[in-house]
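Just below is one structure, and these are the notes that go with it.
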Amino acid sequence: MNDRITEAVVLAAGEGRRLRPLTTFQPKPMLPVANRPVVEYVLDALFESGIERVVVVVGHRADRIQSHLSATYSDADIEFVHQDSRLG
C-alpha cells in the first residue's frame with residue numbers, strides 16, 4: 001500500500017482585510033516577501049516535499065493569482081478552483 005501524499009490544497013481566496021492597505025490593489029497571496037509573492041514559497045515547499053499536484057482555491061482577484069502562478073509554474077500540475085462566495 002502506498003501512503004505517500006501527492007496532492008495538496010492551497011487556500012488563496014481571502015480578501016486580506018486585516019492587511020489593508022497592503023491588499024487594496026493586490027491579493028493577499030501575491031504580497032511580496034523578499035521580492036517574491038508569498039504564495040510562491042508555499043508552492044515551492046510543496047513541490048520540494050514531493051507533492052505532484054496542487055489545487056489552489058482562489059476568489060478575491062483570482063485572475064491575478066491564476067495568471068501569475070500559471071506563468072511561473074507552467075510545467076506544474078496546478079488546478080484552480082474558484083470560490084465565489086465566502087465559505088469560512
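Following my numbering, the numbering of the sequence shown begins with 1 at its first residue and continues without gaps.
We put the beta carbon where it would ideally sit given N, CA and C, even for glycine.
Under three-state DSSP, which class holds residue i?
i   : result
H60 : coil
E7  : strand
E15 : coil
P29 : helix
I51 : coil
D44 : helix
Report the CB separation of residue i from residue j in whole angstroms; it is logged as a contact under 8 Å.
i   : j   : result
V10 : V38 : Contact doesn't hold; Cβ gap of about 11 Å is too wide.
R64 : P27 : 6 Å
Check this for me: beta carbons of residue i and residue j, under 8 Å apart or not?
i   : j   : result
D77 : R53 : yes
L31 : L22 : yes
V58 : A13 : yes
E40 : T6  : no
Less than 7 Å between C-beta atoms, sequence neighbours within five positions excluded: which residues of the same chain meet that for residue i?
i   : result
L46 : A8, V54
Q66 : V58, F80
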